[in-house]
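First comes the structure, then the notes that go with it.
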Amino acid sequence: MTNKLIYLDNNATTKVDEKVLEAMLPYFKEEYANPSSMYDFSKPSSNAIKEARGVIKDFVNAQSEKEIIFTSCGSESANTAIRGVLNYNKNKKHIITTKVEHPCVLNVYKQLEKQGYRVDYIGVNANGELDLEELSSAIDEDTALVSVMWANNETGVINPIDKVSEIIKSKNKDTKLYVDAVQVAGKIPIDVQANGIDLLGISGHKFHAPKGVGALYVNSKTMITPLIIGGHQERGKRAGTENVPYIVGMAKAAQLAQDNLQYEMTEVKRLRDKLEAGIINNIYNARLNTGVANRVPNTTNIGFEYIEGELILLHLSDIGICASSGSACTSGSLEPSHVLRAMNVPFTAIHGSVRWSLSRFTTEDEIDYVIEKLPSIIEKVTSISPYQKELQQLKELRTKH
Ligand code: PLP
Numbered sequence: 290m291t292n293k294l295i296y297l298d299n300n301a302t303t304k305v306d307e308k309v310l311e312a313m314l315p316y317f318k319e320e321y322a323n324p325s326s327m328y329d330f331s332k333p334s335s336n337a338i339k340e341a342r343g344v345i346k347d348f349v350n351a352q353s354e355k356e357i358i359f360t361s362c363g364s365e366s367a368n369t370a371i372r373g374v375l376n377y378n379k380n381k382k383h384i385i386t387t388k389v390e391h392p393c394v395l396n397v398y399k400q401l402e403k404q405g406y407r408v409d410y411i412g413v414n415a416n417g418e419l420d421l422e423e424l425s426s427a428i429d430e431d432t433a434l435v436s437v438m439w440a441n442n443e444t445g446v447i448n449p450i451d452k453v454s455e456i457i458k459s460k461n462k463d464t465k466l467y468v469d470a471v472q473v474a475g476k477i478p479i480d481v482q483a484n485g486i487d488l489l490g491i492s493g494h495k496f497h498a499p500k501g502v503g504a505l506y507v508n509s510k511t512m513i514t515p516l517i518i519g520g521h522q523e524r525g526k527r528a529g530t531e532n533v534p535y536i537v538g539m540a541k542a543a544q545l546a547q548d549n550l551q552y553e554m555t556e557v558k559r560l561r562d563k564l565e566a567g568i569i570n571n572i573y574n575a576r577l578n579t580g581v582a583n584r585v586p587n588t589t590n591i592g593f594e595y596i597e598g599e600l601i602l603l604h605l606s607d608i609g610i611c612a613s614s615g616s617a618c619t620s621g622s623l624e625p626s627h628v629l630r631a632m633n634v635p636f637t638a639i640h641g642s643v644r645w646s647l648s649r650f651t652t653e654d655e656i657d658y659v660i661e662k663l664p665s666i667i668e669k670v671t672s673i674s675p676y677q678k679e680l681q682q683l684k685e686l687r688t689k690h
């Protein structure tokens, strides 16, 4: 055990920025009024929500504040968008998504399939890139909705959302597009208008706001039936007294993310690339699972052949390094991740795959420490692998090239 903490699991969740916490505190202490109340005391709360809505509108480049709905998380945003579109228009019974979506989309689709919807799950290639031709040929007159994530949580691979929406609109202009943008917020610019997006979800805890707050963009031409009904909050699109401090926190986090976007795309990327090269060049049984695919700047997914990822994570944890062997939701089971399976990552590497995800708080010293410590951990785990013959062959092959 060690007191050191090197947190490289920022796609699972991020630490709350101090400035975010500071912005939230008054809304726990002095300004606790219900924003819907009539008296003057509620003004700071209702104004704070109004201001936050403007910030999130700018963050995703929506046209109007009215297009922003505050939710409790990315999962709620996805559920509201998907069910909301389908419940509003019950005539169409065909929906499309990808094989590599987060469970908050995939499991909704699986349930809808049981309820009688015709569903197409679009595949990806070996680098995790979406098959756009397959998408194009799947769309027909009956397609109500397509749900495509902007970037994958396990691999960081970015989908070309502008092309996706172009394809959809050219095949059926009534088909709606939901984009799960949870893993791109704060990593690359989000522009719903430039990318032809109808609905888009984000989650605060992936960009240094607390867990338990998210947002859903629904463009003014897209109608949804609300998932949560009750009071008139969020223009009747999502009932429930607004979580004022968390909404304020997410807006502050969005402003900070916007201010740090350039840093993320250059400096965080540089550190990610350094980590990646430091691992791939020094460990013969390491492979970059995404090849040359375009990725968000903070993520790398590396397979260590013929060994178990969970064992690597335990050894890393002993020296204070946090990484992940799949998405947080699927780790804990030894089933290989559905994302890596969809990519056909060879069975020799799929069980030993580790996701490393950095943030703007990651330092060069931390990356150097991982690069220094990892080879001996991999050596230790490799030495007890039952695949010694294959490992020897791989070593000879890789050291030759
Ligand atoms: N979508 C993606 C791509 C994610 O990575 C996650 C969380 O890991 C979610 C959705 C769900 O977000 P939340 O945890 O806020 O429900």
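Read the sequence shown against the working numbering and you will find it ends at 690, with the numbers running on by one and no gaps.
Think of the CB as a built atom: it goes at the ideal place given N, C-alpha and C, for glycine as much as any other residue.
This structure is a prediction, so every number in the text was calculated from the model and none was measured.
Spatially closest choice to residue i from the options, by CA coordinates
i, options, result
"LYS669", "HIS604, SER648 and ARG644", "HIS604"
"SER353", "GLU624, TYR506 and ALA582", "TYR506"
"VAL397", "VAL413, LEU434 and GLY412", "LEU434"
"ASN368", "ASN323, THR514 and GLU679", "THR514"
"SER335", "VAL533, ASP562 and ALA631", "VAL533"
"HIS391", "ASP548, TYR410, VAL659 and LEU297", "TYR410"
"ALA528", "ALA312, ASN300 and ILE358", "ILE358"
"ILE660", "LYS465, GLU624, ILE572 and SER614", "ILE572"
"ARG576", "ALA427, PHE593 and TYR377", "PHE593"
"CYS611", "ASP480, GLY520, SER626 and SER646", "SER646"
"VAL471", "LYS662, ASP657, CYS362 and ARG372", "CYS362"
"GLU655", "SER614, LYS689 and LYS563", "LYS563"
"GLN677", "ALA582, GLY609 and ASN574", "ASN574"
"GLY373", "SER425, ASP487 and ILE479", "ASP487"
"GLY405", "VAL389, ASP420 and HIS383", "HIS383"
"ASP451", "GLU307, ASN484 and LEU516", "ASN484"
"THR386", "THR589, ASN414, ASP469 and VAL446", "ASP469"
"ASN578", "TYR535, ASP548, LEU314 and MET632", "MET632"
"GLN681", "ASP657, TYR595, SER606 and LYS458", "TYR595"
"ASN712", "ALA542, VAL585 and LYS379", "In this structure the chain extends from 290 to 690, so residue 712 is not present and cannot be described."
"ILE569", "VAL643, HIS627, LEU550 and GLU307", "VAL643"
"SER613", "GLU624, GLY598 and PRO625", "GLY598"
"LYS558", "THR589, PRO315, SER436 and GLU531", "THR589"
"GLN544", "SER454, VAL453 and VAL344", "VAL344"
"ASN508", "LYS388, LYS458, GLN482 and PRO324", "GLN482"
"ASN549", "LEU375, LYS318, LYS339 and ASP306", "ASP306"
"ASN416", "ILE447, SER426, SER436 and CYS393", "ILE447"
"VAL243", "PRO315, THR671, LEU600 and ASP329", "This structure leaves residue 243 out entirely; the chain is present only between 290 and 690."
"LEU683", "SER648, THR637, LYS526 and ILE666", "THR637"
Residue i CB to nearest heavy atom of the ligand PLP below 7 Å
i, result
"ALA367", "yes"
"MET438", "yes"
"VAL435", "no"
"ASP298", "no"
"CYS611", "no"
"SER492", "yes"
"GLY445", "no"
"HIS497", "no"
"HIS391", "yes"
"GLY503", "yes"
"GLN472", "yes"
"GLY363", "yes"
"ASP469", "yes"
"ASN442", "yes"
DSSP bridge partner residues for residue i (one or two, in chain order)
i, result
"LEU434", "ILE384 and LYS465"
"LEU505", "ILE358 and GLY490"
"ASP409", "ILE385"
"VAL394", "For VAL394, which the question treats as bridged, DSSP gives no partner whatsoever."
"ARG644", "ASN590 and SER613"
"LEU663", "For LEU663, which the question treats as bridged, DSSP gives no partner whatsoever."
"ASP298", "SER646"
"ALA440", "ILE447"
"ARG584", "VAL446"
"LEU419", "VAL413"
Residue i: CB within 7 Å of a non-hydrogen atom of the ligand FMN
i, result
"PRO449", "Of the ligands one can find in the structure shown, namely the ligand PLP, none is the ligand FMN."
Min CB distance residue i to chain B below 8 Å
i, result
"HIS640", "The structure shown contains no chain B, having only a single protein chain."
Item to check | Those runs of the alpha helix (DSSP H) which lie wholly inside the segment 499-580 and span at least 4 residues | outcome: 533-548 and 558-569
Item to check | Within the segment 306-367, ranges of the alpha helix (DSSP H) (whole runs, at least 4 residues) | outcome: 307-313 and 332-349
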